[in-house]
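So that you can map any letter, position 474 of the sequence shown is 786 in the working numbering, and since no number is skipped, the others follow by simple counting. Report on the following structure.
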Amino acid sequence: MTTHLDRVEIDGVSVSPHHFIGGERIASEDTFEVRCPMDWNRKLADVSRGNHQTATDAVLAAQKGFSQWSSLGIQKRTDILFALADLIDKNAEKIATVECLDMAMLLESLKLRLVPRGALNFRNYAELVVEHQERVWSSKGTNNRIIRDPAGPAVIITPWNAPFMLSTWKLAPALAAGNSVILKPAEWSPLSASLLADLINEAGFPPGAFNIVQGLGSEVGAALVSDPRVRRISFTGSPETARHIGVAAAKNIVPFTAELGGKGPLIVFDDADIDAGAKKAAAQFEDSGQVCLAGTRLLVGSSIKEKFLERLIHYTEQHVAGDSQDTGTTLSAAIHPVHLERVEGFVERARKNGDKVIFGGERFWQEKLWYKPTLIEPVSNESEIVQKEVFGPVLTLQTFDSESQAIELANSTDYGLSGIIYTSNAERAERVGRAVRAGTVWVNSFLIRDLSAPFGGYGISGIGREGGDYALDFHSDLKTLQILDGSVS
Ligand code: NAD
């Protein structure tokens, strides 16, 4: 560790590229570079690259922070969570500016939707933990209570897409439950989380209750999840990484939730508003397709294929690729050259496999990171492009002749995170909605989510559920306290 704690200026916003441990900024000797996806020649920061020792120090700080935070009591803790939510709102412009440059998410969407949602996550859990404190009931001559005890330090590991908002939906329930936290943001977009660290002392958290460690997953991430003093691990990312973390969690017998990738079906029936379905399909290209919940497999009734395709092309042509800071932009750059090469690899292998590229299939500009919206008609349902998550602006188009075939296709991958159905028939909405095997299924809409609803995936899309009471239960040690009626006075 060193004490060089310089900050960097990013479009007028001062950002610390260092860890936040025990209420203080701490730097590592080693660093890693973070660049702007919209201009890869632009280095944004050299960020502290944590190692095994950093992880050990952070867990020790979180242990100390845990005893203070968990003993504060619910009322004081919720006051601090509300204070943090207010500070996020106050700093929304700065957070949106940095995240836009860090991962090329659309600035408007960050300002209006994602950063406010981050604040809402803290408010929501501050309310929920008070409203849903204990469950009490009588049975068989006894009084029964379910008590939620804080579990201990929690490690929270997040992916590079929508990093600020995604981290808050994990941090909020962990902190509300009384756990201390160590957040490890993804190395490709670590900077907006660092702004959160600036707000932690001001909100009133005791030192060590809320720590942020920067670095690579295979280094500091792996060290954090292997530390036996950690009592909860909450992860969002790819199934491959989840397998490694799952092994570490199993060794220490630590509960672990995983929100993983998706390959959601977007089903349009012939009785649907076809125009609305096609418009929503074209919307899946936004954020460069880097959305885990996206409906990337378009399943369309055979009889409406031509009309659907004509409307999809119409709406796709209205997209504008450009700088994510500009209001008119709807298509952002890919996060990183390595990720874009991965997306290109999928499309090249699809071509070699005989899958037909209907539109797109190349970059907008050769030396830059924008990829064109791409639609592929696969030769078979077994094609890699249908079965594996691309995490780019690449959709597949398949047709079906019956409702049962639509359901069979929808359920034919190993994933099960989300599904989208377009139909005007209420009975069909209910039938197909129940039959699609996915954690969240939307009918005639997308991405509208009540924060109290469970969120997670079937199959390789995840383990456990977040949202509402589900996340509070996960972050607690649940105790049943049973007292024989009339035995105490
Ligand atoms: P990733 O699995 O490569 O990395 C995620 C995080 O894990 C990063 O912070 C990384 O540093 C860390 N990590 C890597 N190896 C580790 C290890 N051995 N031990 C501990 N931590 C380690 O995923 P990504 O590429 O950052 O994100 C994209 C993936 O995330 C996609 O599959 C996407 O669908 C998924 N995702 C899922 C959701 C959801 O809610 N289900 C939301 C967003 C993204």
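Where is the CB? At the ideal position from N, CA and C, for every residue including glycine. Please read these numbers as outputs of a predicted model, since none were measured by experiment.
For Ser506, the enclosing alpha helix (DSSP H) covers residues Leu503 to Ala515. Exclusion of the five residues before and after Tyr437 leaves Leu393, Ala484, Pro485 and Ala488 as the residues of its chain whose Cβ lies within less than 7 Å of its Cβ. Bounds of the alpha helix (DSSP H) holding Cys412 are Ala404 to Met415. Asp358 is bridged by DSSP to Glu345. Residue burial annotation: Asn523 is buried, with at least 16 other C-beta atoms found within 10 angstroms of its C-beta. Beta-bridge analysis with DSSP links His331 to Ile338.
For the set Gly324, Asp369, Lys355 and Arg347, the Cα lying nearest the Cα of His331 is the one of Asp369. Here Ala408 is buried: its Cβ has 16 or more other Cβ atoms, across all protein chains shown, within 10 Å.
When secondary structure is reduced to three states using DSSP, Thr792 falls in the strand class. Here Pro471 is buried: its Cβ has 16 or more other Cβ atoms, across all protein chains shown, within 10 Å. Residue range Gly576 to Val580 is occupied by the beta strand (DSSP E) that includes Leu578. If you draw a straight line from the Cα of Ser714 to the Cα of Val612, it is about 10 Å long.
The alpha carbon of Pro705 has as its nearest neighbour, out of Asn433, Lys575, Leu508 and His444, the alpha carbon of Lys575.
For Lys591, same chain residues with a beta-carbon under 6 Å away, outside a window of 5 residues either side, are Tyr627 in chain order. Sorting His651, Glu514 and Leu784 by C-alpha distance to the C-alpha of Leu399 places Glu514 at the top. Remark: C-beta atoms of Ser773 and Tyr734 do not approach each other more closely than 8 Å. Distance from the CA atom of Leu572 to the CA atom of Phe703, rounded to whole angstroms, is 12 Å. In this structure, Asn363 has its CB at a distance of at least 7 Å from all heavy atoms of the ligand NAD. Leu784 is positioned such that its CB atom lies closer than 8 Å to that of Arg460. Taking 8 Å as the upper bound for CB-CB distance, Arg661 and Glu696 are in contact here, some 6 Å apart. The Cβ atoms of Gly362 and Glu531 sit closer than 8 Å to each other. Tyr734 sits in a strand when the DSSP states are folded into three classes. Within the chosen limit of 7 Å, the ligand NAD reaches the beta carbon of Ile469 through at least one heavy atom.
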